[in-house]
Structure formats: C-alpha cells, structure tokens
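In this text, residue positions in the sequence shown follow my numbering: the first is 12, and each later residue adds one. Taking it in order: structure first as structure tokens, then the write-up.
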Amino acid sequence: MVNVIWVGMLLIGIIVAGINGNIEVVTTAALKGAQTAVDFALGLIAIMTFWLGVMKVAEAAGMIRLLSRLVKPVTTFLFPGVPKDHPAMGAIIMNLSANVLGLGNAATPMGLIAMKELQKLNMSDPRTASEAMCTFLALNTSCITIIPATIIGIRIKAGSANPTEIVGTTVFATAAAMTVAVIVDRIMRRIYGYRKWR
C-alpha cells in the first residue's frame, strides 16, 4: 500500500509539473533529494559507528552482563515464560539497550535474534506469536529512549541551533509510550488467558 501511495505522489508531481511547463523541476528535485539523502546517510554513519563501538566496548567490559543483572527483576516480571539464562533474554536486553540509546538500526539485528530465540520456546503453537513475543514487540516498538542519538545526528546535519533540546521531550514521550505498552500488554494477557481457559 505504501508503494502505491509513493507511486501516486510521484505521478501527480510529474503531471502537475508537466501541466505547468516545469518538467525540469522534477529532475532537479530528484537529483537534489538523492544528494541530500547521501549527505545525511554519510553523516549518520559516524554517529552509528561511534555508538555501536560504545556498545561493543560495554559488552567486552562486562557492562552488558551488569546491566542484565540490574534489569533481571524487570525482565523476569515482563517475560515470566522465558528461562532466566536463555539466550533470548540476552538478546532482549541488548535490543532494549540499543533502543534506550536511540539506535534503532543497531537494535534491529538483536531484535531478530531475540524473536528467533523466543520462537524456539514457542513449540506449543509455532504459527502463533507467544505472549513473550507479543510483549517483546510492544517493548521494542515503544522503548524508552534516553539518548536519541540518531535524531540528534539528523538535527546536527540539518543545521539545528540546539540539536539536543529534544532529549527531555523524547524521554517523556517514550516513557509514556512504554508505560502504556506494558499496561496494555498485561491487560491483553489477562483477557487472552481468560478466553483460553474458558
């Protein structure tokens, strides 16, 4: 559906430019847009590399293990069906850590690993997402972000006078989203559990 919308927008733009006799504007805009995209991508590579390096150093220094110990009570509460020392738990913690740092791209591979490991525990009905998988998806989508590194990088590239001014509102908005996600997840678990055992 999104592809249809994009094609529609492009065709409408070309038709309007043709009607107004400014068809060269389409080519100019396309080339300028491509150049801007490359500039932004190259600028973000440095930021992503830095934070991925920080995460790698943190992992090698044992900080991820320490973080997993600190959040173990929370993850045990949120994922009661996942054994404490299961590889899925480590992947979940790494994914949430990357999301907390605002590194959505870095969080994606760990999220895929976490889902793969959670699927191994989902033997009773492998064609249906387990409660743990649904909880993880809700957390991954709405995770609190303390350092929105990617957005700050985009704002720096766009020439923002104060690229870090969004930190406070980002923390508030993502904390609210995560709270709502956890509450709704708990409610849906109870509703689904009630219907299943009726």
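All C-beta atoms in this analysis are idealised placements derived from N, C-alpha and C, irrespective of residue type, glycine included.
Coil, strand or helix - Asn110 by DSSP: Numbered from 1 along the sequence shown, position 99 holds the residue referred to as residue 110. Three-state DSSP puts Asn110 in a helix.
Cys145 in three-state terms, based on DSSP: Against the sequence shown, residue 145 aligns to sequence position 134. Helix, per DSSP.
Rounded straight-line distance, which links the Cα of Ala125 to that of Thr152: Stepping through the sequence shown from its first residue, residue 152 is reached at position 141. Stepping through the sequence shown from its first residue, residue 125 is reached at position 114. The alpha-carbon separation between Thr152 and Ala125 amounts to approximately 14 Å.
What's the call for Ile163, buried or exposed, on a 16-neighbour Cβ count within 10 Å? Residue numbering aside, residue 163 sits at position 152 when the sequence shown is read from its first letter. Classification for Ile163: buried.
Glu128 beta carbon less than 9 Å from that of Gly92: Start at 1 with the first residue of the sequence shown, and residue 92 comes out as number 81. Start at 1 with the first residue of the sequence shown, and residue 128 comes out as number 117. No; because the gap between Cβ atoms is not below 9 Å, this pair is not in contact.
Member of Gln130, Leu150, Val111 and Val68 whose CA lies at the smallest distance from the CA of His97: Walking along the sequence shown from the start, residue 97 turns up at place 86. For His97, the nearest C-alpha among the options comes from Gln130.
Is the distance from the Cβ of Trp159 to the Cβ of Thr181 below 9 Å? As a working mapping, residue 159 is identified with position 148 in the sequence shown. As a working mapping, residue 181 is identified with position 170 in the sequence shown. According to the sequence displayed, residue 159 carries Pro and not Trp. In contact: Pro159 and Thr181 (Cβ atoms closer than 9 Å).
Rounded to the nearest angstrom, how far is the Cβ of Leu150 from that of Ala184, given a contact under 8 Å? Your numbering for residue 150 matches position 139 in the sequence shown. Your numbering for residue 184 matches position 173 in the sequence shown. That belief does not hold up - the Cβ atoms of Leu150 and Ala184 are roughly 16 Å apart, past 8 Å.
Can you look up Leu63 in the DSSP assignment and give me helix, strand or coil? Reading the sequence shown from its first residue, position 52 is the one you call residue 63. Note: Leu63 maps to helix in three-state DSSP.
Contact between the stretch 113 to 123 and the stretch 167 to 179 (3+ Cβ pairs under 8 Å): Taking one beta carbon from each stretch, the stretch 113 to 123 and the stretch 167 to 179 have fewer than 3 pairs nearer than 8 Å; the two do not touch.
Could you have a look at Lys83 and say whether DSSP puts it in helix, strand or coil? For the purposes of this step, residue 83 is taken as the residue at position 72 of the sequence shown. Lys83 falls in the helix class under three-state DSSP.
Coarse secondary structure for Ala172, derived from DSSP in three states: Mapped onto the sequence shown, residue 172 falls at position 161. If DSSP states are grouped into helix, strand and coil, Ala172 belongs with coil.
Note down the Cα distance separating Ala45 from Met59, rounded to an integer number of angstroms. What you label residue 45 is simply residue 34 of the sequence shown in a count that begins at 1. What you label residue 59 is simply residue 48 of the sequence shown in a count that begins at 1. Cα-Cα distance, rounded: 21 Å.
Which residues mark the beginning and the end of the alpha helix (DSSP H) in which Asn7 is found? Here the chain covers residues 12 to 209 and nothing more, so residue 7 does not appear.
Range of the contiguous alpha helix (DSSP H) that encloses Gly122: For the purposes of this step, residue 122 is taken as the residue at position 111 of the sequence shown. That run of the alpha helix (DSSP H) goes Gly115 to Lys131.
Check each candidate in Gly122, Val18 and Phe51 and name the one with the smallest Cα separation from Thr161. Taking the sequence shown and counting its residues from 1, one reaches residue 161 at position 150. The alpha carbon of Thr161 has as its nearest neighbour, out of Gly122, Val18 and Phe51, the alpha carbon of Phe51.
Does Lys43 come out as helix, strand or coil in the three-state DSSP assignment? For the purposes of this step, residue 43 is taken as residue 32 along the sequence shown, with counting starting at 1. Helix at Lys43.
Taking the beta carbon of Ala102 as the centre, do at least 16 other beta carbons fall within 10 Å, making it buried, or is it exposed? Here residue 102 corresponds to residue number 91 of the sequence shown, with the count starting at 1. It counts as buried.
Considering only the alpha carbon of each residue, which of Lys67, Met74, Met100 and Ala188 lies closest to Lys83? Position 72 of the sequence shown holds residue 83. Scanning Lys67, Met74, Met100 and Ala188 for the CA closest to the CA of Lys83 turns up Met100.
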